[in-house]
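Each residue of the sequence shown is one higher than the one before, starting from 709 at the first, in our numbering.
The beta carbon of each residue, even a glycine, is placed where N, CA and C say it ideally should be.
Since we're looking at a predicted model, the values are computed, not measured.
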Amino acid sequence: MGKKQEQDLRIMEQVHSSLLDTIALRDAEIEVLREKLREMVAERDAEIAQLNAQVAELQAWKDAVPVDAITEIWYSAYARTGGNDDSRTVAKWFASIGVVTSD
Numbered sequence: 709m710g711k712k713q714e715q716d717l718r719i720m721e722q723v724h725s726s727l728l729d730t731i732a733l734r735d736a737e738i739e740v741l742r743e744k745l746r747e748m749v750a751e752r753d754a755e756i757a758q759l760n761a762q763v764a765e766l767q768a769w770k771d772a773v774p775v776d777a778i779t780e781i782w783y784s785a786y787a788r789t790g791g792n793d794d795s796r797t798v799a800k801w802f803a804s805i806g807v808v809t810s811d
């Protein structure tokens, strides 16, 4: 092998070694990013679980409110008195949330 070929071979070996080092660094960077992503997903999953628990708590609270009984009592009083501005506002609100239909 001639001197030029040996020199070219050394340059190719250096380039190859440099490429391998670059690949190793990229692999390490990729692994760091993967770990960060795993942490972010775990945090997001924890937040979702917390929100689901809050939704369940609010749903249980909502289900415990006796809306039908409140509506019946209110309309009974409304029918006896004829209502006022406040009671008409409540009637509109009941209609807007679908508890009763407005006339």
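Three-state secondary structure assigned by DSSP to Val798: The residue labelled residue 798 in the question sits at position 90 within the sequence shown. Here Val798 sits in helix by DSSP.
Residue nearest to Glu780 in terms of C-alpha spacing, selected from Val798, Lys770 and Asp729: Your numbering for residue 780 matches position 72 in the sequence shown. Looking at Val798, Lys770 and Asp729, the one whose alpha-carbon comes closest to that of Glu780 is Val798.
Whole-Å CB distance - Ser775 paired with Val807, under 8 Å assumed: Numbered from its first residue, the sequence shown carries residue 775 at position 67. Numbered from its first residue, the sequence shown carries residue 807 at position 99. Contrary to the premise, residue 775 reads as Val rather than Ser in this sequence. Confirmed, about 6 Å.
Range covered by the alpha helix (DSSP H) that runs through Ile738: The residue given as residue 738 occupies position 30 in the sequence shown. Secondary structure note for Ile738: its alpha helix (DSSP H) is the uninterrupted segment Lys711 to Ala772.
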